[in-house]
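Have a look at the structure below before the remarks.
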Amino acid sequence: MPELVFFSGTMDCGKSTLALQIGHNRSARGLQGVIFTRDDRAGEGKLSSRLGLVTDAVEAASGMDLHAYLVDQLSKGGRVDYVIVDEAQFLAPAQIDQLARVVDDLGLDVFAFGITTDFRTRLFPGSQRLIELADRIETLQVEAMCWCGARATHNARTVGGEMVVEGEQVVVGDVNGPAAEVGYEVLCRRHHRRRMTSAAARAGELSPDVLPFASS
2 MPELVFFSGT
12 MDCGKSTLAL
22 QIGHNRSARG
32 LQGVIFTRDD
42 RAGEGKLSSR
52 LGLVTDAVEA
62 ASGMDLHAYL
72 VDQLSKGGRV
82 DYVIVDEAQF
92 LAPAQIDQLA
102 RVVDDLGLDV
112 FAFGITTDFR
122 TRLFPGSQRL
132 IELADRIETL
142 QVEAMCWCGA
152 RATHNARTVG
162 GEMVVEGEQV
172 VVGDVNGPAA
182 EVGYEVLCRR
192 HHRRRMTSAA
202 ARAGELSPDV
212 LPFASS
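Under my numbering, think of the first position of the sequence shown as 2, with each following residue one higher.
Next comes the structure, spelled out in structure tokens:
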């Protein structure tokens with residue numbers, strides 16, 4: 002039976018690499034798929050991995066009906082055997098509903114990849130809807146690591162090298178971006194709560210409200 006599968010994880014845990022691998026494996030067996038993405042680090046209409054792999058994709062713009070797009074492709078005689086969606090957290094809940102219809106009405110497997118929570122530890126609306134609708138949720142086994150060596154579970158946004166907890170939910174950046182710009186870093190929960198990035202740790206900084214001791 003076709004499935005809507007949500008592959009989730011933090012940044013830097015190999016989601017886009019796995020998306021590319023799934024596409025490669027199916028293409029090697031003669032299958033043809035459609036790849037959707039949104040706000041990829043490599044630019045519009047691209048699916049890219051931090052390993053340097055890039056492929057063309059369909060930009061799932063705000064307001065785009067993904068189900069209608071695929072129906073149109075099939076109506077024109079195109080072949081679609083499966084669907085891959087990267088950066089699925091950026092999709093609107095209505096677009097996730099459309100992906101569920103693709104599975105149920107068109108009989109296609111849909112493989113969606115995305116992070117679950119933003120830099121404020123709040124669920125992305127697209128990820129929340131995927132959790133609600135997916136036939137299966139897979140947590141990627143390649144664990145991203147916090148600077149301290151613990152398993153990274155949270156995504157932190159940095160501006161000028163300092164962690165921020167306010168701002169727009171979606172601002173495109175990368176974990177390898179220049180320190181002077183908007184960037185991201187994966188942290189364990191403890192260090193996310195303390196706002197202690199790798200740069201702050203090197204500088205010996207610590208948020209004053211994190212130690213569980215009463216002042217004397």
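Where is the CB? At the ideal position from N, CA and C, for every residue including glycine. Quick caveat, the model's predicted, so the values are computed rather than measured.
- Following the DSSP letters along the chain, one finds Lys47 inside the beta strand (DSSP E) bounded by residues 47 to 49.
- Looking at the DSSP output, Ala157 sits in a beta bridge with Glu186.
- For Gly162, the closest C-alpha among the options Met146, Gly184, Gly150, Phe37 is that of Gly184.
- With 16 or more other Cβ atoms inside 10 Å of its own Cβ, Ala58 counts as buried.
- With distances taken between CA atoms, Glu60 lies nearest to Asp41 out of Pro3, Asp41, Arg152, Gln170.
- For secondary structure counted as the alpha helix (DSSP H) over 4 or more consecutive residues, the segment 97 to 164 holds these complete runs in sequence order: 126 to 134.
- For Gly34, the enclosing beta strand (DSSP E) stretches over residues 34 to 38.
- When Cβ pairs closer than 8 Å are counted between the two stretches, the segment 10 to 27 is seen not to touch the segment 61 to 68, the count staying below three.
- The beta carbons of Ala153 and Ala145 sit closer together than 8 Å.
- When the five nearest sequence neighbours on each side are left out, the beta carbons in the same chain lying within less than 6 Å of the beta carbon of Gln90 are those of Gly115, Ile116, Phe125, Gly127, Ser128, in order along the chain.
- In the DSSP assignment, Val172 falls outside any beta strand (DSSP E) and carries neither an H nor an E.
- The continuous stretches of beta strand (DSSP E) do not include Asp41, and DSSP gives it neither H nor E.
- When rounded, the separation of the alpha-carbon atoms in Ala20 and Val166 is 29 Å.
- DSSP lists Ile36, Phe112 as the bridge partner or partners of Ile85.
- Per DSSP, reduced to three states, the secondary structure at Ser28 is helical.
- A Cβ-Cβ separation of about 19 Å leaves Ile132 out of contact with Ile85 under the 8 Å criterion.
- Taken atom to atom, the span from the alpha-carbon of Met2 to that of Gly108 is near 8 Å.
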